[in-house]
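**Student:** First the structure, then my questions, so here it is.
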């Protein structure tokens, strides 16, 4: 069983390692995290605003940034600095913005804890042993025996 | 007419106040006088409906007759506007939509009060709660957002309806959505009233079941029509952008779905009474929050057609509702003690518990993302945008777990399920879903080969990346270990595309849902087949007729799985933008678009430009597409795209007229190939159909066709229960 788990883990790692990104894929992916700032409320790569004053420039900058920075976060930080925080629709994983990433999993974890506690409370406890099955107290038993002897007709 | 409308509104408010106040007095006094008072309150509630109807008709009449003395009509209609859109003007603006809310609530209240014989005391108390909600909305339309405000001067023509709303679905979508939002007021009112009066038993659950199901159906249709409208009108190639207003409509749907499932535990086992009461309270409050987000302009949205200071009223109302619910609960919580305990973790009950946890987790996650910009504005002084990538990363893994529960839940028995039962029930569905997964791999859907590999088939768009919270948790875990040097691997891991994996899992889990539902039908059908001496299909039909609720629910589950398959296609959207002169070609996926002509048109309402494109699929002509952009005159030339869409079973070809190159006059066309979109619409139809079936009463008796008498098994026949069900 342990060997099987190891093989499965290895297969998963190999499968994930094979998913390498090209620059174009990175461009598409990061472009999906940036919003056009022309107030059209659309994602940068989806902006179809006729004569949009910003999207062409932003797309051009994105191509350059993807080429220049190997890390996606650096590209997003570049856009945050150039076009403002609102340009990036995926919150940062540092500082105050970390809160929005942490809250849902924490809530789920809390929910699971509460659920398991409730289930433990609900599940029937093993039945208490009947009084007859309880171990006898020798002192009490001696007293009972004496009482029986003394009251015996 | 404006005077008539104003008088009707004022009269409606007086009647609703009477219904509320006298309803409270009648609830306190439990003698004969109290009974008579409650009867007068009921009649006042019904008269409220007549008065609000009068006001709504007055506004519609003003819009139809181009009465521009009314500010509302001036701002939301014009003479050239087609009649159906003039009718839609009733709900296209703030004041009108609030009046529409009031009217729908009054209509629901009217039906409820008409059917008071079902339980006079409970309905009287429910009517009192509904009157409280009604008073709030009537105060708004009388004093804060009166739709009958008059202009100083009568203009010659109106400003027209928002061009984005001039689409046939927009005549149906808002009423459906509002029927859903408002409809949750009724089960909420029943729940609150039942708790106030410490109503014995589960009768209020039985009474509200139909109300809740019908409301849920309306909300489902409303949300779907909105998604289809976004797909066909907004022209960005998708149907769900995690826009705050879209999310707002999703909140009550999610908690309402949780409620529909968890009430079954109360009905069957007398459990989760507190949970159910709070679920319906929360669902109602989220409906109000949805209206607040749509109407207040609190969050920026392409769907928010109003901005005003009305938000503070809604926030206050939400506060009042919460306090009333909390106080009622604290006073009466002892009444909600469960009658049964959970017997096993592997049981139908625990699957419902997990289902509820997952649905609430999704609701909370979406709520966090939707309200975080407001929170960041308060805390940091600027709005942090939380967009689709965040929502996808957070909600997709939770959603996949929900699909898994949808598959597993129906095969678990009430009480407890034995290991042998689990093994027997899950063997074939699991084998089937694994075969589907394998077949997908054989058919070139190999997520581990990266998106470049799949590009020839589909293209991965935006469901990329690993959940950063998980990434962070793993990083923290690793930082405690000496092998810290491995931490950079997680940065690389976080940049991976998990979208194709998610899609693959979604397809496999959906097939698991199909297999489990099919196995349930087949197993039950086989039991009846022998009894009725008929074929398997007829036996399965007879089986469904005997327990419409259960088997209708299964069909709804199949619909949900079909929707999930449609959503899995999102990962593989392709798009291309190009200038299209005469004879120019645009190649995307299997399709070739050839520019043939370019036209302009003009009428009283709008001017338009359109491209005429011949379309070929794998070299074979399939017709012509005319993507168009309209410039509405009354709105100062505001542009609105009319997307050209060709639906195919496996994909949609979606073409937008994106504008003209000012240098050479060539049209710019943007084309998308969106896989599996039709599956979403078909899936929703099945979902609605299945839920509708669950409303149909069971067949009373089924006659056997064999000569000798055969005892028909009841729906509770142990053989129709999943294997391993406890006795």
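Residue numbers (our numbering), protein chains in the order written: chain A, 1 to 153; chain B, 1001 to 1727. All C-beta atoms, glycine included, are put in the ideal place defined by N, C-alpha and C. Just so it is clear, the structure is predicted and the values come from calculations on it, not from any experiment.
1. Taking Cβ positions only, does residue 115 (chain A) come closer than 8 Å to chain B?
2. Go ahead and pull the three-state DSSP assignment for residue 1453 (chain B).
3. For the alpha helix (DSSP H) holding residue 57 (chain A), just list the boundary residues, first then last.
4. Using three-state DSSP, classify residue 1030 (chain B) as helix, strand or coil.
5. Short of 7 Å in beta carbon distance, which residues of its chain neighbour residue 1055 (chain B), apart from the five on each side in sequence? Order them along the chain.
6. Rounding to the nearest angstrom, what Cα-Cα distance links residue 1326 (chain B) and residue 1284 (chain B) in this structure?
7. Cα separation between residue 1250 (chain B) and residue 1596 (chain B)?
8. Taking residue 1380 (chain B) as the query, report the chain A residues whose CB atoms sit under 8 Å from its CB, ordered along the chain.
9. Which residue or residues does DSSP assign as beta-bridge partners of residue 1646 (chain B)?
10. Counting only the same chain and skipping the five closest in sequence on each side, list residues whose C-beta sits under 6 Å from that of residue 1696 (chain B).
11. Determine which residues of the stretch 1352-1368 of chain B have a Cβ less than 8 Å from any Cβ of chain A, and write them out in chain order.
12. Between B:1044, B:1079, B:1048 and B:1002, which lies nearest to residue 1603 (chain B) when the distance is taken from Cα to Cα?
13. Strictly below 7 Å CB to CB, what residues from chain A border residue 1345 (chain B)?
14. Just how far apart, CA to CA, sit residue 1156 (chain B) and residue 1605 (chain B)?
15. Extract the residue ranges of the beta strand (DSSP E) inside the stretch 1046-1077 of chain B, only unbroken runs of 3 or more that lie entirely within it.
16. Residues of the stretch 1325-1345 of chain B in Cβ contact with chain A at a cutoff of 9 Å, in chain order, please.
17. Determine the contact status of residue 1599 (chain B) and residue 1610 (chain B), defining contact as a CB-CB distance below 8 Å.
18. Write down every uninterrupted run of the beta strand (DSSP E) in the stretch 1544-1621 of chain B whose length is 3 residues or greater and which is fully enclosed by it, in chain order.
19. Helix, strand or coil, according to DSSP, for residue 1463 (chain B) in the structure here?
20. Is residue 1264 (chain B) helix, strand or coil when you go by DSSP?
21. Going by DSSP, what residues sit across from residue 1670 (chain B) in a beta bridge?
22. Is DSSP giving residue 1145 (chain B) helix, strand or coil here?
23. Give, in chain order, every residue of the stretch 1580-1608 of chain B whose Cβ lies closer than 8 Å to some Cβ of chain A.
24. Grab me the residues of residue 1224 (chain B)'s own chain with a C-beta within less than 6 Å of its C-beta, minus the 5 sequence neighbours each way, in chain order.
25. What does the alpha-carbon distance come out to for the pair residue 1276 (chain B) and residue 1137 (chain B)?
26. Spell out whether any CB of chain B is found under 8 Å from the CB atom of residue 154 (chain A).
27. Assuming residue 1045 (chain B) and residue 1132 (chain B) are in contact, meaning their beta carbons sit under 8 Å apart, how far apart are those beta carbons, in whole angstroms?
28. Taking residue 1311 (chain B) as the reference, give the member of B:1320, B:1074, B:1162 and B:1296 with the closest Cα.
29. Could you give the residue range of the beta strand (DSSP E) that holds residue 1123 (chain B)?
30. Counting only Cβ pairs nearer than 8 Å, list the residues of chain A close to residue 1516 (chain B).
31. List, in chain order, every chain A residue whose beta-carbon is nearer than 7 Å to that of residue 1389 (chain B).
32. Once DSSP output is grouped into helix, strand and coil, what is the label at residue 1534 (chain B)?
33. Would you list the one or two residues that DSSP bridges to residue 28 (chain A)?
34. Under 9 Å between beta-carbons, which chain A residues line up against residue 1385 (chain B)? List them in chain order, please.
35. Check the Cβ of residue 76 (chain A) against every Cβ in chain B and list those closer than 9 Å, keeping chain order.
36. Could you tell me whether any Cβ in chain B is nearer than 8 Å to the Cβ of residue 66 (chain A)?
**Tutor:** This is what the structure holds:
1. At least one beta carbon of chain B lies nearer than 8 Å to the beta carbon of residue 115 (chain A).
2. Caution applies to residue 1453 (chain B), whose pLDDT of 46 falls short of 50 and renders its modelled position unreliable; the model cannot decide the point.
3. 55-68
4. coil
5. 1005, 1008, 1009, 1012 and 1099
6. 14 Å
7. 42 Å
8. 96
9. B:1653
10. 1548
11. If the cut-off is 8 Å between Cβ atoms, the stretch 1352-1368 of chain B has 1353, 1354, 1357, 1360, 1361, 1364, 1365 and 1368 near chain A.
12. B:1079
13. 119
14. 15 Å
15. For the stretch 1046-1077 of chain B, not a single whole beta strand (DSSP E) run of length 3 or above is found.
16. 1338, 1340, 1341, 1342, 1343, 1344 and 1345
17. yes
18. 1574-1580, 1585-1588, 1591-1602 and 1606-1617
19. Low per-residue confidence applies at residue 1463 (chain B): pLDDT is 36, beneath 50, and the placement is therefore not dependable enough to give any value.
20. helix
21. B:1577 and B:1656
22. coil
23. Within the stretch 1580-1608 of chain B, contact with chain A at the beta-carbon level (separation under 8 Å) is assigned to no residue.
24. Closer than 6 Å at the Cβ level, and outside the excluded window around residue 1224 (chain B), lie 1684.
25. Spanning the alpha carbons of residue 1276 (chain B) and residue 1137 (chain B) requires a straight line of approximately 26 Å.
26. Nothing about residue 154 (chain A) can be read from this structure; chain A reaches only from 1 to 153.
27. Contact doesn't hold; Cβ gap of about 11 Å is too wide.
28. B:1296
29. It is not in any beta strand (DSSP E) - residue 1123 (chain B) instead sits in the alpha helix (DSSP H) that spans 1120-1139.
30. Here the premise fails: no neighbours, minimum Cβ distance about 23 Å.
31. The contacting residues are 32, 33, 89 and 90.
32. coil
33. BP columns for residue 28 (chain A) are empty, so no partner.
34. 35, 85, 86, 87, 88, 89, 90 and 91
35. Within 9 Å Cβ-Cβ: nothing; residue 76 (chain A) doesn't reach chain B, min ~10 Å.
36. no
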